[in-house]
Ligand code: C2E
Ligand code: MG
Ligand code: MG
Ligand code: MG
């Protein structure tokens, strides 16, 4: 009787919610299997300067889901972070990036390129994160200068003293840091000047309406001036049109990433793009 009553209390779920929870649990299980079965792939999006030279690339993860086909990070990264799987996934990304960089050293076209990877907060906060990086660089015999970590404002702000300490250890090895999605968080000059960053990445939301939105225009101009005064490199993400590129260039931003140049591509297509470039 008591058992039945207990069972009944579980029935307050509406069917939609129940379905959502089941899907969520299913996806988590599939994500675990995906790691074991190597269903992930890195895509590479080129980063350019104003002379149309390739500077590097950003590695962006994709999941070849056995039933759902190609899945984008917004569909599984939040779940990976929630479940803790991001630690294994992040390590996979870092190792794949290092393996790719090793291959890139054999080709004059790819040898100078810096590869940027996105690092999530949980991954960065691991006690042995620096050791992991060190190990991978040694395993693949690549220079730390070729690797750039993209971090978000919320990661950087949370426990800033520890963040700075970890960043400094990695920087002393030669790694570079970029502040991703800049402008969407709580950025203030106060903390920005304390962080050992190399680059800030202007978020695509500011780039989108640059030609028409007076606020975006002012923000972008200020951000570029501020970055330059702090000796930081600036790159704009989400550059889709030549007009946007020219607007950015006029404001002093000379590094770009976006569909104007190329979408993120599987490695073979990325190499073909470099050749034709
Ligand atoms: P993000 O690091 O800010 O990456 C930029 C996103 O903008 C990418 O989406 C990219 O495909 C997209 N993008 C690039 N150029 C353009 C453009 O011209 N127009 C538009 N509309 N979009 C453009 P994607 O690949 O879906 O990745 C989304 C986010 O997922 C990334 O944002 C990043 O935060 C996260 N992510 C991707 N790969 C990884 C990873 O390996 N590890 C972790 N922790 N996060 C990742
Ligand atoms: Mg990024
Ligand atoms: Mg970004
Ligand atoms: Mg973004």
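In UniProt numbering, the protein residues as written are 541 to 817. Quick reminder that beta carbons are idealized off the backbone N, C-alpha and C, glycines included.
- Residue 638 is positioned such that its CB atom lies no closer than 9 Å to that of residue 586.
- DSSP, reduced to helix, strand and coil, places residue 633 within a helical segment of the structure shown.
- From the listed residues 816, 814, 807 and 817, the smallest Cα separation to residue 580 is found for 807.
- In the DSSP annotation of this structure, the continuous segment of the alpha helix (DSSP H) that includes residue 756 starts and ends at 754-769.
- Around the beta carbon of residue 679, fewer than 16 other beta carbons lie within 10 angstroms, which makes this residue exposed.
- Taken atom to atom, the span from the alpha-carbon of residue 568 to that of residue 675 is near 29 Å.
- With respect to residue 742, residue 760 sits close: the two C-beta atoms are nearer than 9 Å.
- Not a single heavy atom of ligand 3 lies less than 8 Å from the C-beta of residue 568.
- Not one heavy atom of ligand 2 lies closer than 8 Å to the C-beta of residue 776.
- Pairwise C-beta distances place the segment 618-625 out of contact with the segment 785-804, as fewer than three of them are shorter than 8 Å.
- Counting the other Cβ atoms within 10 Å of the Cβ of residue 815 gives fewer than 16, which makes it exposed.
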